[in-house]
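Peer 1: Line by line, the protein sequences are chains A and B. Going by the numbering used here, the first residue of the first sequence is number 260, and it counts up by one from there. Going by the numbering used here, the first residue of the second sequence is number 714, and it counts up by one from there.
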Amino acid sequence: MGSYVLKRILYMIPTLLVISVITFIIIQLPPGDYLTSYIATLEQSGAMVSEAEIASLRRQYGLDQPMVVQYLQWMWKLLHGDFGMSFQWNRPVRTLIGERLGLTMVISTATLVFTWVVAIPIGIYSAMRQYSLGDYVATVIGMLGVAVPNFLLALVIMYFAYTRFGLNITGLFSREMAAAPWSVAKFVDMLKHIWAPVIVVGMAGTAQLIRIMRAGLLDELGKPYVEAARAKGIPERRLIFKYPVRLAINPLVSTIGWSLPGIISGETIVSVVLSLETTGPLLLRALLSQDMYLAGSFILMLSLLTVIGTLISDILLALLDPRIRYE
Amino acid sequence: MREQHQIQASTTVDSSAGDRLYGATQWQLIWWQFTKHKLAVGSLVILGFFYLVAIFADFVSPHDPTKRFSQYIYAPPQRIRIVHEGKLRMPFVYGYKQSLDPKTLNRVYTIDKTKIYPIRLFAAGDSYKMWGVIDGNRHLVGTGDPNVPLFLLGTDRLGRDLLSRVIFGARISLSIGLISVFLSLFIGLILGGLAGYYGGAIDNLIQRLIEILRSMPTIPLWMGLSAAVPSNWPPLRTYFAITIVLSVVGWTTLARRVRGAFLSLREEDFVISARLAGASERRIIFTHMLPSFMSYVIVSVTMSIPQMILGETSLSFLGLGLRPPVISWGVLLREAQNLNTIAVHPWLLVPAIFVVASVLAFNFIGDGLRDAADPYSHL
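1. For I892 of chain B, which residues of its own chain have a beta-carbon under 6 Å away from its beta-carbon, when the five flanking residues on both sides are left out?
2. Note down the Cα distance separating K445 of chain A from E358 of chain A, rounded to an integer number of angstroms.
3. Could you check what DSSP says for K842 of chain B in three-state terms: helix, strand or coil?
4. What does DSSP give as the partner residue(s) for P831 of chain B in the beta ladder?
5. For L813 of chain B, which residues in the same chain have their Cβ closer than 6 Å to its Cβ, ignoring the five residues on either side in sequence?
6. Can a CB atom of chain B be found closer than 8 Å to the CB of L605 of chain A?
7. What are the boundary residues of the beta strand (DSSP E) that includes D848 of chain B?
8. Can you give me the C-alpha to C-alpha distance between T748 of chain B and A1070 of chain B, rounded to a whole angstrom?
9. If we ignore side chains and look at the alpha-carbon of each, how far apart do L692 of chain B and S534 of chain A end up?
10. Does the beta carbon of F686 of chain B sit closer than 8 Å to a beta carbon anywhere in chain A?
11. Within a Cβ cutoff of 7 Å, which residues of the same chain sit near I678 of chain B, ignoring the five residues on either side of it in sequence?
12. Mind reading off the beta-carbon distance from M1007 of chain B to G1079 of chain B? Whole number of angstroms is fine, and I expect it under 8 Å.
13. Ordered along the chain, which non-local residues of its own chain (more than five positions away) have a Cβ less than 8 Å from that of A737 of chain B?
14. So if I threshold CB-CB distances at 8 Å, which residues from the stretch 1011–1031 of chain B count as touching chain A?
15. If you run the structure through DSSP and keep just helix, strand and coil, what is Q719 of chain B?
16. If distances are taken between C-alpha atoms only, which option among A:I571, A:T429 and A:A463 comes closest to Q1020 of chain B?
17. By the 8 Å beta-carbon criterion, what residues does the stretch 407–426 of chain A contribute toward chain B?
18. On the three-state DSSP scale, how would you describe I428 of chain A?
19. So with CB distances below 8 Å, who are the chain B contacts of F557 of chain A?
20. My output table needs one value for H1001 of chain B: the three-state DSSP class, helix, strand or coil.
21. Following the continuous beta strand (DSSP E) through I795 of chain B, name the residue where it begins and the one where it ends.
22. Return the residues of the stretch 1042–1068 of chain B that lie within a Cβ-Cβ distance of less than 9 Å from chain A, sorted by chain order.
23. Once the 5 residues before and after R988 of chain B are set aside, which same chain residues still bring their CB inside 7 Å of it?
24. At which residues does the alpha helix (DSSP H) containing R921 of chain B begin and terminate?
25. If contact means a Cβ-Cβ distance below 9 Å, which residues of the stretch 919–930 of chain B contact chain A?
26. State the beta-bridge partners of V821 of chain B as determined by DSSP.
27. By Cβ distance, which residues of its chain are closer than 7 Å to L561 of chain A, with the 5 residues on each side in sequence left out?
28. Residues of chain A with a CB under 9 Å from the CB of V1072 of chain B: which are they?
29. Let me check one thing: in DSSP terms, what residues is M344 of chain A bridge-paired to?
30. Three or more C-beta pairs closer than 8 Å, one from the stretch 1024–1040 of chain B and one from the stretch 935–948 of chain B: is that the case here?
31. Take D874 of chain B as the anchor and find which of B:G1024, B:P859 and B:I903 has the nearest alpha-carbon.
32. Between which residues of its own chain and S279 of chain A is the CB-CB distance below 7 Å, once the five residues before and five after are set aside?
33. Could you name the residues of the stretch 964–992 of chain B whose beta carbon sits closer than 8 Å to any beta carbon of chain A, in the order they occur along the chain?
34. With distance defined between alpha-carbon atoms, name the residue in A:T569, A:M551, A:L576 and A:D573 nearest to Q287 of chain A.
35. Ignore the nearest five residues each way along the sequence and tell me which others in T868 of chain B's own chain have a CB closer than 7 Å to its CB.
36. Which whole-angstrom value is the C-beta distance of L511 of chain A and M472 of chain A, which I expect to be below 8 Å?
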């Protein structure tokens, strides 16, 4: 088991390296560089910038170096916890990212838990009562969950909550709590708001999991060992939960890793619609104003989150299913 | 005795059907199997209709989609009626009466029953140049006067007819999915084919690349890439840039499928015998292997199109994809971005219905094709 975990962690290193290269390319893609935008802002505010100043700034930021050197410098700083400066906010990127990344993680984890808690019972029900009314309802909801883009679902839920119940479901905190430091009251306040984004982001994932769970359990239910156990007189409920359900959950565990990119992806766009104080809106704003260091760091950190999440799910799967460790 | 008779009857039916089956080509078999999936056939009809409307957008849309009716800003949808003062008439719409809400200072539209505008088929309206070639001013439906309001889905912030905009948006939104998928397919076929056919180090490298790309959250990646598209590019170039952005992630799914198909086919008897008979690599790939997995590729392509459509819609909605004056469903939905707007003008959400409908239709067709893709398994 130890060697398996070690292998998986070593495996992560090239992945993260390639991701960092992709991120660096994204940062470099827009025409001009950090300095061009910086000078433009300075000139907008009325300051005159001389050629000599530009050259010295260029040297200071290492922008006169070749691409590879710039990449290595950027990486070197990253590894020392220096994410660069956001010129839009004129603050270090690190402080800007910190709290927002935390909230993204909170929502993503809650979404993951939500999809599981909802999908597994529904999946079991659908498989046990195949072709019943409930099964059809679950199938239709599953179809819609995949077809409706989640930002749209957010809009629709927002609209109905407002027109039918007079509820404003935007934001993660009430107005008076938003600026307050963390406390039990603030946490409770967040719980009151978090349900909407969690349902919206979790919809597509739940739909997929229901399908997988249903198909997996249906496969197991037809197998001879189930028949044999039934013939021996094990009560139906105990029989189902003790053997086939446990086997059918296996593929679900192995897909946690795949569902994470989807969840973080969905969270980004839903946060923009529901104006949550997570990474999404800040990433969007950074991209629109070409604040590339901030945007790049966000993309890098979000990817890191998914890679670590995948690692955890792989380890979990290895714990659950011994066969995987020896492959 | 009776039972025996029945069995005999059923076998004769089978054998006559069998003759038809044995003589059929693979594509005929796929088609027959596909038509059994009612939902898929229905979806095919609906999508066909959508694409027809998109192709003939200039003719089908009641108004010029860029024309601003400055008197009718945020006008609600009109209902098509056939009863006026208790009497049956040909279909018509009522005009609008405007007033100002004293509290919110919003425009309030009410029905003006004194103004009756009959709806005519092939009515004269705004002139257009279809596909940049054919001049015309006839529209499928209209009131006969281009300046008379006919807003079946209401108007937007600038008083433009939403129905016309949805119809023109279909052109972009439905085509961008196709183009991105073909681009993805092109990359996927080459890389997936290389990986599956040669195996070994190439396979390993391509597999790792796919894994890494798939482990990155898609939307942030797309956002980052499309933000790099300069905003001063002409619409057509932006359009193609977005298709490339969408394909960056899209090819991975297709490459995986192609690789899988190649791997399993490589060991098939007919491929081995072709190789033993001295067929060239090219001949083995194109004459023997390609036809066998073409149906799977088509299924994967159909299943990938919805992702592309949703991708474009999401990006344009965020303001990172296509930008006005280009009209796509995502661009239209951008108008419905905040709660205040949609609470007062809910019809701005209507383009969403078309997005969902086309995505669902593609999914159902994909399901039907998947069941039909291997027609020999059902015989």
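Even glycine gets a Cβ: it sits at the ideal position worked out from N, Cα and C. Here the structure is a predicted model, which is why all the values come from computation and not from measurement.
Peer 2: Let's see:
1. Contacts found: T956.
2. Approximately 14 Å, taken between the alpha carbons.
3. In the structure shown, the three-state DSSP call for K842 of chain B is strand.
4. Looking at the DSSP output, P831 of chain B sits in a beta bridge with B:F805.
5. Only residues of its own chain outside the window of five on either side were considered, and among them none has a CB closer than 6 Å to the CB of L813 of chain B.
6. An answer regarding residue 605 of chain A cannot be provided, because it is not within the stretch 260 to 586 covered by chain A.
7. Where D848 of chain B is concerned, the enclosing beta strand (DSSP E) stretches over I847 to G855.
8. Put simply, the backbone Cα of T748 of chain B is about 20 Å away from that of A1070 of chain B.
9. No statement about residue 692 of chain B is possible, as the shown extent of chain B runs from 714 to 1092 and does not include it.
10. Residue numbering for chain B in the displayed model covers 714 to 1092; residue 686 of chain B lies beyond these limits and cannot be assessed.
11. This structure does not reach residue 678 of chain B, given that chain B is present from 714 up to 1092, and the question cannot be answered.
12. Their Cβ separation, rounded to whole angstroms, is 15 Å, which puts M1007 of chain B and G1079 of chain B out of contact at 8 Å.
13. Within the same chain, A737 of chain B has close Cβ partners W745.
14. Taking 8 Å as the Cβ-Cβ cut-off, the stretch 1011–1031 of chain B approaches chain A at P1019, L1023, T1026, S1027, F1030 and L1031, given in chain order.
15. With a pLDDT of only 45 at Q719 of chain B, under the threshold of 50, the placement of this residue in the model should not be trusted, and no figure is reported.
16. If you compare the alpha carbons of A:I571, A:T429 and A:A463 with that of Q1020 of chain B, the shortest gap goes to A:A463.
17. Cβ contacts with chain B come from V407, P408, F410, L411, L414, V415, M417, Y418, Y421 and T422.
18. If DSSP states are grouped into helix, strand and coil, I428 of chain A belongs with coil.
19. Here the neighbours are P933.
20. Helix.
21. R794 to H797 is the extent of the beta strand (DSSP E) around I795 of chain B.
22. Here the close residues are L1046, A1049, Q1050, N1051, L1052, I1055, A1056, P1059, L1062, A1065 and V1068.
23. If we look at R988 of chain B and ignore the five residues flanking it on each side, its Cβ neighbours are I997.
24. Looking at the DSSP string, the run of the alpha helix (DSSP H) that includes R921 of chain B is G913 to S928.
25. Answer set for the stretch 919–930 of chain B: R921, L922, E924, I925, L926, R927, S928, M929 and P930.
26. For V821 of chain B, which the question treats as bridged, DSSP gives the partners B:S812.
27. Excluding sequence neighbours, L561 of chain A sits near I523 and T538.
28. Those are V405, A406, V407 and P408, listed as they occur along chain A.
29. Note: M344 of chain A sits in a beta bridge opposite A:P351.
30. When Cβ pairs closer than 8 Å are counted between the two stretches, the stretch 1024–1040 of chain B is seen to touch the stretch 935–948 of chain B, the count reaching three or more.
31. The candidate whose alpha carbon is nearest that of D874 of chain B is B:P859.
32. Once the five neighbours on either side are set aside, the close Cβ partners of S279 of chain A are M334 and L559.
33. The stretch 964–992 of chain B vs chain A, Cβ under 8 Å: nothing.
34. Q287 of chain A has its Cα closest to that of A:M551, out of A:T569, A:M551, A:L576 and A:D573.
35. Taken in chain order, the residues that qualify are F782, Y785, I786, Y787, A788, D874 and L875.
36. So it is a contact: roughly 6 Å between Cβ atoms.
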